[in-house]
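Chemist:
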Amino acid sequence: MNALNIKHTRAHQGLARVYHLKNLRKAAYDEMTKLIEKARSNASAYEKRSEYCDRDMAKSDLSMASQLDPLRTYPYRYRAAVLMDDHKEAEAIEELSRAIDFKPDLQLLHLRAAFYDSMGDFVSAVRDCEAALCLDPIHNEILDLCNKAREHIREPK
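Its first residue numbered 209, the sequence shown is counted upward by one per residue in this note's numbering.
1. Under three-state DSSP, which class holds arginine 280?
2. Spatial neighbours of aspartate 344 within its chain, please: C-beta separation below 6 Å, excluding the five flanking residues on both sides.
3. What residue ranges within the region 217 to 298 form continuous alpha helix (DSSP H) runs of no fewer than 4 residues, ordered along the chain?
4. Can you name the start and end residues of the alpha helix (DSSP H) that aspartate 329 belongs to?
5. Pull up the distance between the alpha-carbon of alanine 235 and that of histidine 228, whole angstroms please.
6. For the alpha helix (DSSP H) containing glutamate 359, name the first residue and the last one.
7. Let me make sure I understand the geometry here. Which of Lys246, Arg257, His295, Ser252 has the alpha-carbon closest to that of alanine 224?
8. Leaving out the 5 sequence neighbours to the left and right, which residues in its chain are closer than 7 Å to tyrosine 237 when beta-carbon positions are compared?
9. Using three-state DSSP, classify aspartate 313 as helix, strand or coil.
10. Just to confirm, is the Cβ distance from alanine 357 to valine 334 under 8 Å?
11. Whole angstroms are fine: how far does the CA of leucine 276 sit from the CA of leucine 243?
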């Protein structure tokens, strides 16, 4: 018996990915729905399914993922990115800050630093970069962002 015949969790995810790569988003979404129906409290399945649907449905799936496992950080990053796209910068920062409060994660700190940088709050950007660099001192993208933000701080007004 192989994984596709028994519809193992990874098989559903793999099939969904194949459908997605073939630009069959509905089939990918449906495949992940089958997984969710099988494993009702599977936060990662809701998170993964959010990749195969429109923004409103994705927000709903990520809300469910957060309810099932509030410590997952991807839903916070996604919601923050949507808020930034909607020009709701302060709300995006708040969303990331909520997640950073319970998990000072490299990706969260990097994203919030980038948001601060885009908003012109270079002092906060440097602060988050320095925190992220404590987790990974040689992360090139964060080093570049930090140096760029420091340059802005040094510029005469």
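Where a beta carbon is used, it is the ideal one built from N, C-alpha and C, also for glycine. Being a predicted model, the structure only gives us computed values, none of them experimental.
Modeler: On the basis of the supplied data:
1. Residue state, collapsed to three classes: coil.
2. Leu314
3. With a minimum length of 4 residues, the unbroken runs of alpha helix (DSSP H) contained wholly in the region 217 to 298 fall at 217 to 229, 233 to 246, 251 to 257, 263 to 276, 282 to 293.
4. From DSSP, aspartate 329 is part of no alpha helix (DSSP H); its letter is neither H nor E.
5. 8 Å
6. That run of the alpha helix (DSSP H) goes 348 to 362.
7. Arg257
8. Arg257, Tyr260, Cys261
9. Of the three classes helix, strand and coil, the one that applies to aspartate 313 here is coil, per DSSP.
10. Cβ distance < 8 Å, so alanine 357 and valine 334 count as in contact.
11. 15 Å
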